[in-house]
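In full-length UniProt numbering, the protein residues as written are 1 to 191.
Even for Gly, the Cβ is constructed at its ideal location relative to N, Cα and C.
To start, the structure itself, in structure tokens.
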Amino acid sequence: MLFTTTSYAEVKMADVAEKARLAKGTVFLYFPTKEALFLALLEELLFAWFHRLDGWLEQDTGPWTGARLAGWVAESMEHQASLPRLMGILQNVLEHNIPLEHARAFKERLRETLGHTGALLEQRLRFLKPGEGPRLLLRLNALMMGLWLMADEAPVTRELLDLPHLSVLRVDFQRELAESMTLLLRGLETR
């Protein structure tokens, strides 16, 4: 996929059409803007991720802790680099050039999914109060976006962070996500 090898700004609808072996006009019949195309991709990845999380929450009967959930979330991102990248441009790029009906459909589906998955989290993590599951998922989103933006280094920055005295600035996305989420959940558990 083009987005895995280039930045969002570099992806052109003509390139998408060529990769899909379609006429450029045909792509625009389905997706009126590049942002609508990327929102559709984000929806596919995000709701598939929620589906996996729901399955794990519904089927796994082992002991539940915040650290266990944080570990699962971080591990689930190992081969999902496009998901946090897309989440990182949702509000500041994608939502700025999509039709109202696309935005509404996405937000409605997201609200429903957060409610369902949030309720499952509340059942598994006994320290969550009613209604806190969806808020926890929104906080997780904020953590993911912020950490991904810090971890997704530009080539020039990557070279600089190889210098020993600057390496402390490098962010390991999965490790930091697991640790940050564990700390967030530990705080909720000990209040």
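Limits of the unbroken alpha helix (DSSP H) element including residue i
i    : result
Q80  : Per DSSP, Q80 belongs to no alpha helix (DSSP H) and is neither H nor E.
K34  : 34-59
W173 : The sequence shown places Phe at residue 173, not Trp. It spans 173-189 - the alpha helix (DSSP H) in which F173 sits, taken as one unbroken run.
A151 : 132-151
G25  : 24-30
H102 : 100-124
L94  : Taken as a continuous stretch (DSSP letters only), L94 belongs to no alpha helix (DSSP H), as it is neither H nor E.
E18  : 13-20
P63  : Note, P63: premise wrong, no alpha helix (DSSP H); not H, not E.
T157 : 155-161
L166 : Element bounds for L166: n/a, residue is neither H nor E.
F127 : It is not in any alpha helix (DSSP H) - F127 carries neither H nor E in the DSSP assignment.
T4   : 2-5
Rounded straight-line distance, which links the Cα of residue j to that of residue i
i           : j    : result
E58         : L46  : 18 Å
V156        : L166 : 13 Å
V11         : R139 : 29 Å
R175        : F50  : 21 Å
I98         : D54  : 29 Å
T4          : E18  : 16 Å
S76         : N92  : 25 Å
A74         : M144 : 9 Å
F106        : D60  : 29 Å
residue 199 : E112 : Nothing can be reported for residue 199, as the shown portion of the chain is limited to 1 through 191.
R27         : R21  : According to the sequence provided, residue 27 is Val. The question's Arg does not apply to it. Their Cα atoms are separated by approximately 10 Å.
residue 196 : K24  : Coverage of the chain is limited to positions 1 through 191, which leaves residue 196 absent and any answer about it impossible.
M13         : P63  : 47 Å
W56         : L94  : 30 Å
Outcome for residue i when other beta-carbon atoms lying within 10 angstroms are tallied against a minimum of 16
i    : result
P130 : exposed
V168 : exposed
G133 : buried
G118 : buried
A142 : exposed
K34  : buried
Contact check, residue i vs residue j, beta carbons under 8 Å
i    : j    : result
L42  : L114 : no
A154 : D172 : no
G66  : A178 : no
L161 : R170 : yes
H79  : A36  : no
L185 : L69  : yes
L121 : L110 : no
D15  : L2   : yes
F38  : Y8   : yes
Any chain B beta carbon closer than 8 Å to residue i
i  : result
L2 : Any reference to chain B falls outside this structure, which holds one protein chain only.
Touch check for the segment 78-85 and the segment 139-151: three-plus C-beta pairs under 8 Å? yes
Give a yes or no on contact between the segment 114-128 and the segment 179-190, applying the rule of three or more CB pairs nearer than 8 Å. yes
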